[in-house]
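Right, one structure below, let's go through it.
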Amino acid sequence: MAIRRKAIASALAVAAVATGVLLAWLGHPEKQENQITMSASSKSTLAYQIYAYGQEKGIFDKHGVNVTFIPLKDLYTMELTFFSGKVDTIINSAGLSAVSYNEGEKFKIGIAIARSGDLMLLAQPGIADVQDLRGRKLGVQGRTSDAYYIIKWWLESKGIDIENDLEVIEIKSGANLVTSFKTGQLDAAVLWSGYAYEVKSSGGIPVISTSDALEELTDVPHYNALLLFRDDFLENKKSVANKFLRAVREITEEMNANIDEAAEIAARQSEEPLEKVRGVLSATTIVGDLDEEIQDEILSFFRYAAEKGYFDKAPGSEIFYDEWR
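Numbering of the sequence shown is given in numbering that gives the first Met the number 0, commencing with residue 0 and proceeding in unit increments.
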């Protein structure tokens, strides 16, 4: 896991951005009691769309919680900022959450936001079959993500060794991954949310989503959006976390019932193209809960991933926080 920590360490300077944003509300004691700061790697993510919808529809206010959103450079910066205590909650994938658990980080999964219909392997138009990927350049955000491992396992099931049969190129920035794909520097890429939509819109061919790939391998879906809280936050501000989680559940229920309205709100607040935001939401299976079935599916993924060597120890039910339900 040292390799991952070195990658995250490179984000230290960027994490200072979060500290600067926090100063904007630290001077207002009346807001701090029910304050939560949440972060994601960009405004193109489902995390921001949930925040935007909750703010505009007054759902956070209804539940008595004051939410500040802090967009950061990439997921590694986001993780570092969260685990160093500079933000209160993030939305992270199941695999990276398990990696952090194995590294000794103290946190809980509070709610499953979504399954990964929009996190996928895409290829250039000339690649007609998965076997045509042999000898090609594949762009990934990192070799520590569950997206990388799920695609790796899925390719293995097709007789393809991701490291020996392809040239894997790590590009931390989603925007740079898109640029490299569009300019022909990559033959395929693993992309998500607005980045995947942008590549599909420019002719990229979806090969398979990580959720479909994992279901093909294990019969359980891939939860790529889990909302996390550090243990110290839950110890000190459990009632605030409960309010926030109940608000998020209500937001996801409304977004599922009103995809077009949710897309319009997120597009307006993020200044992203409406069709791009609508495309992301339409490709995503929004969940917004943490019932026993969801917990069992996440635990099944943990066990499978540990058996495959992704991390050493599969987290158990202790990783869940569901007192708010």
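Glycine included, every Cβ here is placed at the ideal spot set by N, Cα and C.
Helix or strand or just coil, what does DSSP make of residue i?
| i | result |
| --- | --- |
| N223 | coil |
| D288 | strand |
| I7 | With a pLDDT of only 47 at I7, under 50, the local geometry of the prediction cannot be trusted, and the value read off the model is given with reservation. Helix at I7. |
| L121 | strand |
| S208 | strand |
| T36 | strand |
| N257 | coil |
| T251 | helix |
| R114 | strand |
| T80 | helix |
| L233 | helix |
| I161 | helix |
| K136 | strand |
Between residue i and residue j, is the Cβ-Cβ spacing less than 9 Å?
| i | j | result |
| --- | --- | --- |
| I168 | V139 | yes |
| S201 | S115 | no |
| V66 | I89 | no |
| L154 | L165 | yes |
| G63 | K181 | no |
| N223 | S92 | yes |
| W323 | L244 | yes |
| A195 | Q48 | no |
| V198 | L137 | no |
So, for residue i: in the same chain, excluding its five sequence neighbours on each side, which residues have a beta-carbon less than 7 Å away from its beta-carbon?
| i | result |
| --- | --- |
| T283 | L45, A113, G116, D117 |
| V239 | N33, I35, V64 |
For residue i, count neighbouring C-beta atoms within 10 Å of its own C-beta (all shown protein chains included) and say buried if the count is 16 or more, exposed if not.
| i | result |
| --- | --- |
| A187 | buried |
| E296 | buried |
| Y314 | According to the sequence as given, residue 314 is Pro; it is not Tyr. It is buried - the Cβ of P314 has at least 16 other Cβ atoms within 10 Å. |
| K312 | exposed |
| G53 | buried |
| E234 | exposed |
| S192 | buried |
Leaving out the 5 sequence neighbours to the left and right, which residues in its chain are closer than 8 Å to residue i when beta-carbon positions are compared?
| i | result |
| --- | --- |
| L95 | L74, E78, T143, S144, D145 |
| I108 | S96, L225, L226, L227, L289, I297, I318, F319, Y320 |
| R133 | I159, D164, L165 |
| K157 | V129, Q130 |
| I58 | Y52, A246, E249, I250, E253 |
Within the 9 Å Cβ cut-off, does residue i reach chain D?
| i | result |
| --- | --- |
| F243 | The chain inventory of the structure shown lacks chain D, comprising one protein chain alone. |
Leaving aside the five residues before and after residue i along the sequence, list all residues of the same chain whose C-beta is less than 6 Å from its C-beta, in chain order.
| i | result |
| --- | --- |
| T251 | I285, G287 |
| P205 | M119, L121 |
| P220 | R114, S210, E214 |
| S41 | P70 |
| R229 | F106 |
| T217 | Y303 |
| D87 | I35, T36, F232 |
Round the Cβ separation of residue i and residue j to the nearest angstrom and send it over; I've been treating them as touching at under 8 Å.
| i | j | result |
| --- | --- | --- |
| K56 | E271 | 18 Å between Cβ atoms; not a contact. |
| A51 | Q268 | 4 Å |
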